[in-house]
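> The structure follows.
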Amino acid sequence: MPAVQGEIHKTSDPRPSLPDTRRRVVRLKTGRLPLRLAKGFEVRVQRLSKHGLVAAPVGARVGLARGWLRYGLPILGLLLLTASVARATTPAQVVSLGELFALAHDNEPGYDAARASLVAARARQRQALGAMLPQISITASTNGNNRRYNTMDDRTPTLHDTYHAHTGQLSLNQPLWRKANSVALDQASHASDQANWQMADTEQQLYAKLATSWFDLMEARDVVDFSDAQRDALKAQWDIARRGAELGAKSIPEAEDAQAKYEQADADAVSAVMDRDTKLAALEPWIGSAEGLEQPWLREDARIPDLVGDSMDRWVEQIDEHCPSLRTAAAALAAAEAEISKQRAGHQPTLDIVATYGNNDQNVGNFPGQQGYRIRTFTFGLQLNIPLYAGGAQNAKVAEAIALRDKARDDLESARRQAVMNVKTAYLGWKSGRAHVTAADVALRSARKALALATRGSEHGVRTEADVLTARQQMAAARRDRRKGSYQQLVSFIKLRAAMGDLTGTDADELDALFVPTRNDLDTVPTVASEAQP
12 MPAVQGEIHK
22 TSDPRPSLPD
32 TRRRVVRLKT
42 GRLPLRLAKG
52 FEVRVQRLSK
62 HGLVAAPVGA
72 RVGLARGWLR
82 YGLPILGLLL
92 LTASVARATT
102 PAQVVSLGEL
112 FALAHDNEPG
122 YDAARASLVA
132 ARARQRQALG
142 AMLPQISITA
152 STNGNNRRYN
162 TMDDRTPTLH
172 DTYHAHTGQL
182 SLNQPLWRKA
192 NSVALDQASH
202 ASDQANWQMA
212 DTEQQLYAKL
222 ATSWFDLMEA
232 RDVVDFSDAQ
242 RDALKAQWDI
252 ARRGAELGAK
262 SIPEAEDAQA
272 KYEQADADAV
282 SAVMDRDTKL
292 AALEPWIGSA
302 EGLEQPWLRE
312 DARIPDLVGD
322 SMDRWVEQID
332 EHCPSLRTAA
342 AALAAAEAEI
352 SKQRAGHQPT
362 LDIVATYGNN
372 DQNVGNFPGQ
382 QGYRIRTFTF
392 GLQLNIPLYA
402 GGAQNAKVAE
412 AIALRDKARD
422 DLESARRQAV
432 MNVKTAYLGW
442 KSGRAHVTAA
452 DVALRSARKA
462 LALATRGSEH
472 GVRTEADVLT
482 ARQQMAAARR
492 DRRKGSYQQL
502 VSFIKLRAAM
512 GDLTGTDADE
522 LDALFVPTRN
532 DLDTVPTVAS
542 EAQP
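Positions 12 to 545 (our numbering) are the ones given, in order, by the sequence shown.
Structure, rendered in structure tokens:
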């Protein structure tokens, strides 16, 4: 096997140099290339002669093997350690909600498909317009002919002609009356509106789904933190109960009960981590790989104002005018109505202006002995086409269009009901989240007081360490519940705006102001939000 020799060289780096023991011979199965070890150091290796290695004595080959085991393996381990440390020290990327929307906007295939459908619909609209404009075409041909002419009369000699013929024609067709074409133009316009609203609805639904997954992931992260804290607290309580049982201050069943609670908390913590990883993977269909993604933290003193008002009927009344999914279904119904008119127009006559200009050149005549000719023709007129019978196919097309119109009408009603339900669900979800935040504020104030009392009591010997741990659990649970209620409010607001087609990147930027990049940026003494004002 070919061997490699090389040395570790110091590159320009202001840091202190490593000991000289790093300058070793490295034998690897590679060509001459530098291998980066760490910042400022590299390994330069060079292939040895294969014949030189084979011809070396056995002792020399053993020495080479020992050199590889002695120096090659440590260097390889250093390479792997450097790579792992680089991965470990790579800072996680904190992504805001607005950045998430922008990322999904550029990567989500469903939105790209809706955009392609809009381009196709606009192209069909141009096609429908083109059918009403003049149709102009040119045809031309050139032929080489070899003609032999024999008569039944033996006295007439056989004639042979070789000649060329050239023809060309310019044609124009301008529809004067084609009802189907004019209806098709209106239908294409409705279809373009449908694709436009469909794209808007896809964008809004994308934002709503992203926000739901985003805040679900935040909630799962909070559950992981709470589960870890609860597990640690129950572990401490178990230790207290076990020590108490050993000293006779507590019974063995109490210690076993504390152990069972700890084991359950440990299982809950593992389950919470799995749930968080599942929620993280749920973002990948929209944004691609979510590896290394970090979320910001909701401010402890975040005040979420009343963003929806006190009237649910006001939101419901705006559905017909603003809801993208409803406007999509309405445009589809209009296109279906136009399809009926287009198919019924198949029974009507059509009238076109037709004009042609032709040229026909030939070196000889059509019969032997004739001279060549050049013919110029120009025709102009009207062409009427009256359909009489098509085997019932046109009537069947009309019946099909009527059935599809009825389907589109039912789809519109279904879309309206779904939109009303979405608006009501989002509105009530906002109110529910606000109620949870209010209740969590009360619990948080109570837990803070209980923790202060337990801490002071523990210092004076009137409270135990278990009381302090219980108070900390209550505070952690209150903070978790408050964040959960805030997440529910924000998700409901986003869904409500998405149902109205009003959600934009500006809304996401305003919501991002409620968050801080890292946990260290949270207020150490949070201010409990008061009753939000409209």
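Just so it is clear, CB atoms sit at the ideal spot from N, CA and C, and this is done for glycine as well.
Given 8 Å as the limit, is there contact between the region 291 to 301 and the region 263 to 274, that is, 3 or more CB pairs closer than that?
The region 291 to 301, when compared against the region 263 to 274, does not touch it at the 8 Å Cβ threshold.
> Thinking just about the alpha-carbon of each residue, which of L181, P168 and A437 is nearest to the one in M323?
Numbered from its first residue, the sequence shown carries residue 323 at position 312. Nearest of L181, P168 and A437 to M323, Cα basis: A437.
> Using the beta-carbon count (16 or more within 10 Å), is G141 buried or exposed?
For the purposes of this step, residue 141 is identified with residue 130 of the sequence shown, where counting begins at 1. Residue environment: G141 is assigned as exposed (fewer than 16 neighbouring CB atoms within 10 Å of its CB, all protein chains considered).
> Is the beta carbon of M229 closer than 8 Å to that of S193?
Reading the sequence shown from its first residue, position 182 is the one you call residue 193. Reading the sequence shown from its first residue, position 218 is the one you call residue 229. Not closer than 8 Å, so no.
> How many angstroms separate the CA atom of S4 from the CA atom of G402?
Any answer about residue 4 is impossible in this case: the structure gives the chain only from 12 up to 545.
> Residue range of the beta strand (DSSP E) that Y122 falls in?
Here the question's residue 122 lines up with position 111 in the sequence shown. Unbroken run through Y122 is the alpha helix (DSSP H), P120 to G141; no beta strand (DSSP E).
> By the three-class DSSP mapping on this structure, what secondary structure does S107 have?
In the sequence shown, counting from the first residue as 1, residue 107 sits at position 96. Three-state result, S107: coil.
> Between the C-alpha atoms of A458 and V448, what's the straight-line distance to the nearest angstrom?
Against the sequence shown, residue 458 aligns to sequence position 447. Against the sequence shown, residue 448 aligns to sequence position 437. Straight-line Cα distance between these residues: approximately 15 Å.
> Mapping the DSSP letters down to three states, classify L362 as helix, strand or coil.
What you label residue 362 is simply residue 351 of the sequence shown in a count that begins at 1. Of the three classes helix, strand and coil, the one that applies to L362 here is strand, per DSSP.
> Output yes or no for whether 8 Å exceeds the beta carbon distance between A489 and A519.
In the sequence shown, the residue the question calls residue 489 occupies position 478. In the sequence shown, the residue the question calls residue 519 occupies position 508. Their beta carbons are not under 8 Å apart, which means A489 does not touch A519 by this criterion.
> With a cut-off of 8 Å, do at least 3 Cβ pairs link the region 340 to 349 to the region 197 to 207?
yes
> So for Q248, helix, strand or coil by DSSP?
In the sequence shown, the residue the question calls residue 248 occupies position 237. In the structure shown, Q248 sits in a helix (DSSP, three-state: H, G or I).
> Shortest alpha-carbon distance to A366 belongs to which of G376, Q394 and A195?
The sequence position of residue 366 within the sequence shown is 355, counting from 1. When only C-alpha atoms are compared, the closest one is Q394.
> Can you find the residues in the same chain that come closer than 7 Å, C-beta to C-beta, to L114, ignoring five residues on each side of it along the sequence?
Walking along the sequence shown from the start, residue 114 turns up at place 103. Excluding positions up to five away in sequence, the list reads I298.
> Can S497 and A313 be called in contact, C-beta distance under 8 Å?
Counting from 1 along the sequence shown, the entry for residue 497 is found at position 486. Counting from 1 along the sequence shown, the entry for residue 313 is found at position 302. In this structure, A313 lies closer than 8 Å to S497 by Cβ.
> Any chance you could list the beta strand (DSSP E) runs of at least 3 consecutive residues sitting entirely within the region 143 to 231, in chain order?
146 to 160 and 170 to 188
> Take the Cβ of I351 as the centre, count every other Cβ of all protein chains shown within 10 Å, and call the residue buried at 16 or more, exposed below.
Residue numbering aside, residue 351 sits at position 340 when the sequence shown is read from its first letter. I351 is buried by the Cβ-count criterion.
> Between which two residues does the alpha helix (DSSP H) holding Q485 run?
The sequence position of residue 485 within the sequence shown is 474, counting from 1. First-last of the alpha helix (DSSP H) with Q485: E476 to A510.
> When DSSP builds the beta bridges, which residues end up paired with V527?
By one-based count along the sequence shown, residue 527 stands at place 516. Paired residues: W308.
> So for Q394, helix, strand or coil by DSSP?
Counting from 1 along the sequence shown, the entry for residue 394 is found at position 383. Of the three classes helix, strand and coil, the one that applies to Q394 here is strand, per DSSP.
> Compute the Euclidean distance between the alpha carbons of T150 and Q180, then round it to the nearest angstrom.
Here residue 150 refers to the residue found at position 139 when the sequence shown is read from its first residue. Here residue 180 refers to the residue found at position 169 when the sequence shown is read from its first residue. Between T150 and Q180, the C-alpha separation is close to 5 Å.
> For N154, is the classification buried or exposed, using 16 other Cβ atoms within 10 angstroms of its Cβ as the cut-off for buried?
Mapped onto the sequence shown, residue 154 falls at position 143. Exposed is the call here.
> Along the chain, which unbroken stretches of the beta strand (DSSP E) at least 3 residues long are found entirely within the region 324 to 378?
361 to 375
> For A231, count the other beta carbons within 10 Å of its own beta carbon; 16 or more makes it buried, fewer makes it exposed. Which is it?
Position 220 of the sequence shown, counted from the first residue, corresponds to residue 231. The residue is buried, with at least 16 neighbouring Cβ atoms inside 10 Å.
> If you run the structure through DSSP and keep just helix, strand and coil, what is Q270?
Walking along the sequence shown from the start, residue 270 turns up at place 259. Residue state, collapsed to three classes: helix.
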